[in-house]
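Presented below is the structure to which this report refers.
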Ligand code: PHE
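In this note's numbering, the protein residues as written are 23 to 361.
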């Protein structure tokens, strides 16, 4: 029996040493030390031994078991370490390799100029408001002195969602929404998308951006409107930029004007950018119509105000000498990268 134990010892240790994987070791463990393992079988036969033989063989058997267990444990840790080293080797990072340059995005030219304008207005004490792009007919038209049958509605080709709901054709509904919520003094700009059912070409898009401005307080005059716009234009285009008011008509302002800025390319001489005019139209404006104030429960005998609506695309096109409006919306990085 001792003989058999010695054999198991030698064979077992040799097998353990040549094991290639943790799985192999597990199998060897079962083979020798498991319930039906070779060593276990021998121990079960101990009953047949004499009283003298039993402790001697028992001692040897325990030594063999201990040796096998110890050898397996050692081999397990060797294999585990090897596996770890292999993994580290595989996952090694060569920090001396040249890095991958992350592609850096930039702001859209419309967003950049909008941010510039917002900074200028915030500097003058304005706050920024935002309103819905899907708007009630009441805010987009009716409260702005454009009743249902008003001919001026035809000039703004409207997307109707239903009889009373439209895609806003201008940011002017924000005048009404602001005055409904807020009492004077009011100083607010409201930038955002507007929608008109125009077909797309170099100067038309069914979606474009406006920035509405509204100031209401006691004693506001056309002089305040001019002063404000003059300051904005000088901040945007430099000290020598000038503005010019041309009489115009909007149903919700009286008097109304279209406002031009002196061409920032030729400084008024006439060039390609201003089409020889020396001036570039950038916005519509005027004194808030007394009826519009009344529609918002503001007494026109006590308060007065001015409003303006800047066309953002046109402004940016002129600023960067961009000749096709479609470029803004096509997401071509070759175009966008330039700003
Ligand atoms: N909402 C007008 C437009 O889209 C512009 C405007 C705004 C005019 C505010 C006067 C006052 O043409």
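Just so it is clear, CB atoms sit at the ideal spot from N, CA and C, and this is done for glycine as well. As the structure is a prediction and not an experimental result, all values here were calculated from the model.
Cross-strand partners of residue i (DSSP beta bridge)
i: residue 214; result: 232
i: residue 150; result: 211
i: residue 174; result: DSSP lists no partner for residue 174.
i: residue 311; result: DSSP, once it has assigned bridges, lists no residue as partnering residue 311.
i: residue 157; result: 188
i: residue 223; result: 226
i: residue 321; result: Note: residue 321 sits in no beta bridge, so no partner.
i: residue 182; result: 188
i: residue 237; result: 209 and 328
For residue i, the first and last residue of its enclosing beta strand (DSSP E)
i: residue 295; result: It is not in any beta strand (DSSP E) - residue 295 carries neither H nor E in the DSSP assignment.
i: residue 332; result: 326 to 333
Bounding residues of the alpha helix (DSSP H) (the contiguous stretch that carries residue i)
i: residue 86; result: 75 to 112
i: residue 196; result: 195 to 203
i: residue 37; result: 24 to 39
i: residue 142; result: 131 to 145
i: residue 168; result: It is not in any alpha helix (DSSP H) - residue 168 carries neither H nor E in the DSSP assignment.
i: residue 45; result: 44 to 55
i: residue 64; result: 60 to 66
i: residue 356; result: 355 to 358
Integer-rounded CB distance, given that residue j should sit under 8 angstroms from residue i
i: residue 308; j: residue 278; result: 4 angstroms
i: residue 217; j: residue 259; result: Residue 217 to residue 259, Cβ: 29 angstroms. No contact.
i: residue 200; j: residue 151; result: 6 angstroms
i: residue 284; j: residue 292; result: Rounded, the Cβ-Cβ distance is 11 angstroms, inconsistent with contact.
i: residue 302; j: residue 340; result: 5 angstroms
i: residue 61; j: residue 39; result: The Cβ separation is near 17 angstroms, so there is no contact.
i: residue 44; j: residue 101; result: 6 angstroms
i: residue 344; j: residue 338; result: 7 angstroms
i: residue 335; j: residue 231; result: 6 angstroms
Quick check on the DSSP output: what are the complete beta strand (DSSP E) runs of length 3 or more inside the stretch 248 to 306, in order along the chain? 265 to 272 and 275 to 284
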